[in-house]
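Engineer: Protein chains in written order, with my numbering: chain A, 12 to 262; chain B, 12 to 262.
Backbone N, C-alpha and C define an ideal beta-carbon position, used for all residues, glycine too.
2 protein chains.
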Amino acid sequence: MLTSQRKALIAERLNRDGEIVAKTLAAELDLSEDTIRRDLREMAAEGLLKRVHGGALPLSPPLPDFAARQSLATDEKAALGARAAAMVAPGQVIFLDGGTTTAALARALPRNHAFTVVTHSPTIACELERHPTADVVLIGGRLYKHSMVTTGAMALEAIRGLKAEIYFMGVTAAHPTHGLTTGDMEEAATKRTIAENAAATWVLLTQEKLGRASPWRIMPLPAATGLIVPGGLTPEALAPYRETGVAIVEA
Amino acid sequence: MLTSQRKALIAERLNRDGEIVAKTLAAELDLSEDTIRRDLREMAAEGLLKRVHGGALPLSPPLPDFAARQSLATDEKAALGARAAAMVAPGQVIFLDGGTTTAALARALPRNHAFTVVTHSPTIACELERHPTADVVLIGGRLYKHSMVTTGAMALEAIRGLKAEIYFMGVTAAHPTHGLTTGDMEEAATKRTIAENAAATWVLLTQEKLGRASPWRIMPLPAATGLIVPGGLTPEALAPYRETGVAIVEA
DNA sequence: AATATTCGTGTAATTTCATGCAAAGTCAAG
DNA sequence: CTTGACTTTGCATGAAATTACACGAATATT
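(1) Taking just the CA atoms, how far does T14/B sit from M54/A?
(2) Select from V104/A, A184/A and G29/A the residue whose C-alpha is nearest the C-alpha of P231/A.
(3) Going by the DSSP bridge assignment, what does E261/B pair with across the sheet?
(4) Report, in whole angstroms, the separation of the C-beta atoms of M180/B and T212/B, which I expect to be a contact under 8 angstroms.
(5) Could you please tell me which residues of the segment 35-66 of chain A, in chain order, have their CB closer than 9 angstroms to any CB of chain B?
(6) May I have the straight-line CA-CA distance separating A262/B from K220/B, to the nearest angstrom?
(7) How long is the line joining the alpha carbons of A67/A and L107/A, rounded to whole angstroms?
(8) With DSSP collapsed to three states, give me the class of M165/A.
(9) Out of T130/B, V129/B, K156/B and H124/B, state which residue places its alpha-carbon closest to the alpha-carbon of P143/B.
(10) Can you tell me the Cα-Cα spacing of A78/B and G237/A, whole angstroms?
(11) Which residue from V160/B, H157/B, E207/B and E39/B puts its Cα closest to that of A178/B?
(12) How about the segment 127-135 of chain A and the segment 160-171 of chain A: do they share at least three Cβ pairs that are nearer than 8 angstroms?
(13) Between A169/A and chain B, is the shortest Cβ-Cβ distance under 9 angstroms, so that the two count as touching?
(14) Cutting at 7 angstroms between CB atoms, please list the residues of its own chain near A117/A, excluding the five before and the five after it.
(15) Could you confirm whether any beta carbon from chain B is found closer than 9 angstroms to the beta carbon of L74/A?
(16) If we ignore side chains and look at the alpha-carbon of each, how far apart do I47/A and L40/A end up?
(17) In angstroms, rounded to a whole number, what distance separates the CA positions of Q16/B and W227/B?
(18) Does A235/B come out as helix, strand or coil in the three-state DSSP assignment?
(19) Using the three-state DSSP reduction, which class does T113/A fall into: helix, strand or coil?
(20) Determine whether the beta carbon atoms of M149/A and T161/B lie at a separation below 9 angstroms.
(21) With distances taken between CB atoms, is the gap from V182/A to K202/A smaller than 9 angstroms?
(22) Count the other CB atoms, across all protein chains shown, that sit within 10 Å of the CB of E87/B; report buried if there are 16 or more and exposed otherwise.
(23) Applying the 10 Å Cβ sphere with the 16-neighbour rule, what's the burial state of R80/A?
(24) Tell me the DSSP secondary structure of Q16/A in three-state form.
(25) Rank G110/A, I229/A and G152/A by C-alpha distance to the C-alpha of T85/A and give the top, closest one.
(26) Note down the Cα distance separating P187/A from L154/A, rounded to an integer number of angstroms.
(27) Tell me the DSSP secondary structure of I229/B in three-state form.
(28) Going along the chain, which residues of the segment 112-142 of chain A sit with their C-beta nearer than 7 angstroms to a C-beta in chain B?
(29) On the premise that I239/A lies in contact with L249/A, defined as a C-beta separation below 8 angstroms, what is that separation, rounded to the nearest angstrom?
(30) What does V147/A pair with, by DSSP beta-bridge criteria?
(31) Could you tell me which of A210/B, P246/B and T193/B sits nearest to A224/B, measuring between CA atoms?
(32) Report all residues from its chain with a CB closer than 7 angstroms to the CB of T255/B; omit the five preceding and five following residues, and keep chain order.
(33) To the nearest angstrom, how far is it from the Cα of G243/B to the Cα of A56/A?
(34) Tell me whether the beta-carbon of D50/B lies closer than 9 angstroms to the beta-carbon of K18/B.
(35) When the Cα of V147/B is compared with those of G172/A, S158/A and L42/A, which residue comes out closest?
Written out as structure tokens, the structure is:
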């Protein structure tokens, strides 16, 4: 067995079982524990796993750590979310994208009047479990686990069957010339379809997404109704975006 | 079991149950109490928990619904879930109902072979976010927040469009003569439709659901393939169910 | 106040770790 | 085919970590 094969096996086991026990694996592969331990050490050095006494564990603990997720620019996202939530009028139908930024928006949604939230993200749906006045409609389809949104023909068909008044979009990057982009092709197509079926599209952007680009293009900037960006950015930083003609709201 | 895993388990239990009893946990993990106590001491030193006589408590006061969470008979559900998960064969398409019992099943699903999980519950979908080999298909529709499942025409249409090999159903009550029942009319109809589109229907039942009935009937007992019930029930308690001809598996 | 648990420390046995080193295997240039 | 550089593996060794048991002190229960 080649070293690289063995390391691939270790990575797979780690993913499958959530742990590696050096002694057990050594016995199973009929190798000395030293070899396994060496592999684990090397993989730990490469940042592929976490070395612990007796074996190794995945880097990200089995359960997604809410604290860690929320700590990713919590304040900034909460501010964006609050600003966006203020746009929601009674009786409206809004579409919420997946992602941590829109999750912050879901938490900030008004609780004193009724409206309908459409989403293709189970995570967003769960956020709204305790919301007193929001009607929630879930778009079905094949779940794309990385972003936790549904995609595919089933999702697209359902999206085409409804018209939302506002679509709050999340992206991985926004660039004055490259437009709005994301990391997955299917996801880009889904977002585009949602935008086509919404009267207005507002894009929530944290600071680190500005001026960057990801592989898959969703649509050019002016195709969106407006961008919601953090407050405190310099006018020079925003100028290239303003020039595209898109509206900009600071949170 | 690796030390760091054990500490993670302690943290999780603390979060879930709101307390750790050193003696109980030692017996459960088949370790000396010293080991558990040492872990608790170390974690207390790291500021992860509060050491008290007999065990440990969370630093932050227990969650408001602490009592409710504890009363959920988590061990019983985990056992049911594990038994049901063992039925899943590679490549199969299974349908998972919503609810805490099926959530336990989702957590216990095999991680060493691939299969497809169809569900109409965003909660279940979120549980499977980290599952390495499960393909997830989400059924869309209007979200019924009380049970966190989608219902309505949109959901029914999507359900009719697929055929699952096993449907793992959750109910609020099962009675020898009143059959399988639940608390919401729409939900009952949805469950019935899912069962009609699955080759086999297994019902997961915790002890407190036996012999009771809820307002809305899903279907009679013999319409299910079988029931999965906790182990240790007396033959007399199960006899009325066996007489209906439904299969019974003890977890 | 009396009794039964539970705690914390010390200690010894076991397991696991990291390092150095030598043997075996791999690969490519000569 | 041979030689030499390089990689991989297994073993030995001392260090570090982990665990269980023992015993007196602290705490809870009756």
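Structural biologist: Once the coordinates are examined:
(1) One-based indexing of the first sequence puts residue 54/A at position 43. One-based indexing of the second sequence puts residue 14/B at position 3. Looking at the two C-alpha atoms, the distance is approximately 20 angstroms.
(2) If you number the first sequence from 1, residue 231/A lands on position 220. If we check each option's Cα against that of P231/A, A184/A comes out closest.
(3) By one-based count along the second sequence, residue 261/B stands at place 250. Looking at the DSSP output, E261/B shares a beta bridge with V240/B.
(4) Here the question's residue 180/B lines up with position 169 in the second sequence. Here the question's residue 212/B lines up with position 201 in the second sequence. Contact annotation, M180/B with T212/B: C-beta distance approximately 6 angstroms; criterion of less than 8 angstroms satisfied.
(5) Result list: K61, V63, H64, G65 and G66.
(6) Taking the second sequence and counting its residues from 1, the one referred to as residue 262/B is at position 251. Taking the second sequence and counting its residues from 1, the one referred to as residue 220/B is at position 209. Computed Cα separation, rounded: 15 angstroms.
(7) Position 56 of the first sequence, counted from the start, is the residue given in the question as residue 67/A. Position 96 of the first sequence, counted from the start, is the residue given in the question as residue 107/A. So the two alpha carbons sit approximately 38 angstroms from each other.
(8) Here residue 165/A is taken as the residue at index 154 of the first sequence, counted from 1. Helix.
(9) Working through the second sequence from its first residue, we reach residue 143/B at position 132. For the options T130/B, V129/B, K156/B and H124/B, the alpha carbon positioned closest to that of P143/B is the one of H124/B.
(10) Within the second sequence, residue 78/B is the residue found at index 67, counting from 1. Within the first sequence, residue 237/A is the residue found at index 226, counting from 1. A caution first: A78/B carries a pLDDT of 43, below 50, which makes its placement in the model too unreliable to give a value.
(11) Counting from 1 along the second sequence, the entry for residue 178/B is found at position 167. The question names Ala, but residue 178/B is Tyr in the sequence shown. Among V160/B, H157/B, E207/B and E39/B, the Cα nearest to that of Y178/B belongs to E207/B.
(12) The segment 127-135 of chain A is in contact with the segment 160-171 of chain A.
(13) Stepping through the first sequence from its first residue, residue 169/A is reached at position 158. With 9 angstroms as the cut-off, A169/A counts as an interface residue toward chain B.
(14) As a position in the first sequence, residue 117/A is number 106, starting the count at 1. Excluding positions up to five away in sequence, the list reads L107, I135, E138 and L139.
(15) Sequence index remark: in the first sequence, residue 74/A carries index 63 (1-based). Caution applies to L74/A, whose pLDDT of 43 falls short of 50 and renders its modelled position unreliable; the model cannot decide the point.
(16) Locating residue 47/A in the first sequence gives position 36, where the first residue counts as 1. Locating residue 40/A in the first sequence gives position 29, where the first residue counts as 1. Counting only the Cα atoms, L40/A lies some 9 angstroms from I47/A.
(17) The residue given as residue 16/B occupies position 5 in the second sequence. The residue given as residue 227/B occupies position 216 in the second sequence. For the pair Q16/B and W227/B, the Cα-to-Cα distance works out to about 44 angstroms.
(18) What you label residue 235/B is simply residue 224 of the second sequence in a count that begins at 1. DSSP places A235/B in coil when its eight states are reduced to three.
(19) The residue you call residue 113/A lines up with position 102 of the first sequence. The answer is helix: DSSP assigns T113/A an H, G or I state.
(20) Residue numbering aside, residue 149/A sits at position 138 when the first sequence is read from its first letter. Residue numbering aside, residue 161/B sits at position 150 when the second sequence is read from its first letter. According to the sequence displayed, residue 149/A carries Leu and not Met. The criterion of a C-beta distance shorter than 9 angstroms is satisfied by L149/A and T161/B.
(21) Sequence index remark: in the first sequence, residue 182/A carries index 171 (1-based). Sequence index remark: in the first sequence, residue 202/A carries index 191 (1-based). In this structure, the beta-carbon distance from V182/A to K202/A falls below 9 angstroms.
(22) For the purposes of this step, residue 87/B is identified with residue 76 of the second sequence, where counting begins at 1. Per the 10 Å Cβ criterion, buried.
(23) Here the question's residue 80/A lines up with position 69 in the first sequence. At R80/A the pLDDT is 45, less than 50, meaning the model places this residue with poor confidence and gives no usable figure here.
(24) Locating residue 16/A in the first sequence gives position 5, where the first residue counts as 1. Helix, per DSSP.
(25) Against the first sequence, residue 85/A aligns to sequence position 74. Of G110/A, I229/A and G152/A, the residue nearest in Cα terms is G110/A.
(26) Within the first sequence, the letter at position 176 stands for residue 187/A. Within the first sequence, the letter at position 143 stands for residue 154/A. Looking at the two C-alpha atoms, the distance is approximately 31 angstroms.
(27) Start at 1 with the first residue of the second sequence, and residue 229/B comes out as number 218. If DSSP states are grouped into helix, strand and coil, I229/B belongs with the strands.
(28) Residues passing the 7 angstroms Cβ filter: P133, T134, A136, C137 and E140.
(29) Here residue 249/A refers to the residue found at position 238 when the first sequence is read from its first residue. Here residue 239/A refers to the residue found at position 228 when the first sequence is read from its first residue. About 12 angstroms separates the two Cβ atoms, so there is no contact after all.
(30) For the purposes of this step, residue 147/A is identified with residue 136 of the first sequence, where counting begins at 1. Beta-bridge partners assigned by DSSP to V147/A: V128/A.
(31) On the second sequence, position 213 is the one that residue 224/B refers to. Nearest option by C-alpha distance: T193/B.
(32) Sequence index remark: in the second sequence, residue 255/B carries index 244 (1-based). The answer, listed in chain order, is P187, L232 and P233.
(33) Residue 243/B sits at position 232 when you count from the first residue of the second sequence. Residue 56/A sits at position 45 when you count from the first residue of the first sequence. Whole-angstrom Cα-Cα distance: 49 angstroms.
(34) Position 39 of the second sequence, counting from 1, holds the residue named residue 50/B. Position 7 of the second sequence, counting from 1, holds the residue named residue 18/B. When the beta-carbon positions are compared, D50/B and K18/B come within less than 9 angstroms of each other.
(35) Here residue 147/B refers to the residue found at position 136 of the second sequence. Taking only the C-alpha atoms, the option nearest V147/B is S158/A.
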